[in-house]
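Let me begin by presenting the structure, written as structure tokens, before commenting on it.
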Amino acid sequence: MSESAVAVTLDEDANHANTGRRAVKAVIPAAGLATRFLPATKAVPKELLPVVDRPVLQYIVEEAAAAGISDVLLITGRGKTSMVDHFDRQPYLESRLEEKGDTERLAAVRRPSELAEIYTCRQGEPLGLGHAVSYAESHVGGESFAVLLGDEFMDETAPLLPAMLDLQAKTGGIVLAFIEVKPEETKRYGIASVEPAEAGLVEGAEVVKVTGLVEKPKADQAPSNLAVVGRYVLPGKIFDAIRRTKPGSGNEIQLTDAMGLLLDEGVPAHGIIYRGLRYDTGMPLGYLQAVVQLACQRDDLGPEFRQWLGEFVGGFGGRSG
């Protein structure tokens, strides 16, 4: 066998090193400053803002746990230790609720500590998503892992993460989550160029093969309308790619650029087009919409809240000026 043939074989073996092993760890980057929510986030992490009666971060960890992930690493920053506290036990509070016989609230208070093993490390300075993910290397080792951004979560009745984990276990490469966006919205996202994927990779999922990634292109430069959203399943070799990635948009280390580097080197990449309901709490409008939508769905709050909301909107619409 020639030297070039040996090199190709080694590359293919490396690309599929983790094939067949489903990722069991998740990383949640949550070190950002959340300036859009100031002054509320001056002392309270954005990830702990309540959506009805659960913080955003709990919805995300619940999503990971429901997909079979039992190990979660939070990448935090200064003033965000309360995120870890939320997933710890509160013996005094629990004992008081137990004494009162308030079993419903007692179960709700205990639930965060029962979802997964929660670990944490601190990112000294937020220098981009790629930079944040690089802090997870010693925790996940060379294994594949999921990345869940800390300001969005998916409808629990239409999960996305299980299909992403299954797809990554089959391909051993990069798996992304896509939504379709309007042309004027491409400048807010990483946009993918794609082609049809092999049929039957994951039952019930709309899978495409990724051929390229562009960070926040203008509408006339976007290769498609498929935008990368905050769910990724990545191979362990992403960390070496991040080390080789130069600062890009915003003078930050972009995860999109590191994934593009692996794409150029032959690492397979696929995406699943998500058509379920996605709650994006990263901006005030999306956060308010998530609160209203989830409140309306609640059995205990929904009927009365929907009635009030209809009356309020009707009355507001009739006002002048």
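Its first residue numbered 374, the sequence shown is counted upward by one per residue in the numbering used here. Don't be surprised by glycine CBs; every beta carbon is placed ideally from N, CA and C.
Would you say the stretch 516-527 touches the stretch 597-604, given that touching needs at least three Cβ pairs under 8 Å? yes
Opening and closing residue of the alpha helix (DSSP H) in which Ile615 lies: In the sequence shown, residue 615 corresponds to position 242, counting from 1. Segment 611-616, the alpha helix (DSSP H) holding Ile615.
Please state the DSSP three-state secondary structure of Ala519. Here residue 519 refers to the residue found at position 146 when the sequence shown is read from its first residue. The answer is strand: DSSP assigns Ala519 an E or B state.
Which residue's Cα is closest to the Cα of Val665: Tyr647, Thr408, Ile646, Phe685? One-based indexing of the sequence shown puts residue 665 at position 292. Nearest option by C-alpha distance: Phe685.
Boundaries (first-last residue) of the alpha helix (DSSP H) holding Gly503: Along the sequence shown, read from residue 1 onward, the residue named residue 503 stands at position 130. That run of the alpha helix (DSSP H) goes 502-507.
Compare the C-beta of Tyr660 against all C-beta atoms of chain C and say whether one is closer than 8 Å. No chain C appears in this structure, which consists of one protein chain only.
Check whether the Cβ atoms of Leu533 and Tyr432 sit closer than 8 Å, and answer yes or no. Here the question's residue 533 lines up with position 160 in the sequence shown. Here the question's residue 432 lines up with position 59 in the sequence shown. No, the pair does not count as a contact, with Cβ atoms beyond the cut-off.
Is Ser455 helix, strand or coil when you go by DSSP? As a first step, residue 455 is located in the sequence shown; it is residue number 82 there, counting from the start. Residue state, collapsed to three classes: helix.
Report the rounded CA-to-CA distance for Leu352 versus Gly577, giving the unit in angstroms. Past the edges of the chain, shown from 374 to 694, lies residue 352, and the structure says nothing about it.
Classification of Ser511 by the beta-carbon crowding that lies within 10 angstroms, buried from 16 upward: Within the sequence shown, numbered from 1, the residue matching residue 511 stands at position 138. Its Cβ having fewer than 16 others within 10 Å, Ser511 is exposed.
My output table needs one value for His389: the three-state DSSP class, helix, strand or coil. Translated into positions along the sequence shown, residue 389 becomes position 16. Its pLDDT being 47, under 50, His389 is placed unreliably by the model, and the measurement read from it follows with that caveat. His389 falls in the coil class under three-state DSSP.
Can you tell me whether Thr584 is helix, strand or coil according to DSSP? The residue given as residue 584 occupies position 211 in the sequence shown. In the structure shown, Thr584 sits in a strand (DSSP, three-state: E or B).
Jot down the residue ranges of each uninterrupted beta strand (DSSP E) in the stretch 395-475, minimum 3 residues, whole runs only, in chain order. Complete beta strand (DSSP E) runs here, min 3: 398-402, 444-449.
Could you check the C-alpha separation between Gln594 and Ile552 for me, to the nearest Å? On the sequence shown, residue 594 is found 221 positions in, with the first residue counted as 1. On the sequence shown, residue 552 is found 179 positions in, with the first residue counted as 1. Each residue's Cα considered, the two are about 18 Å apart.
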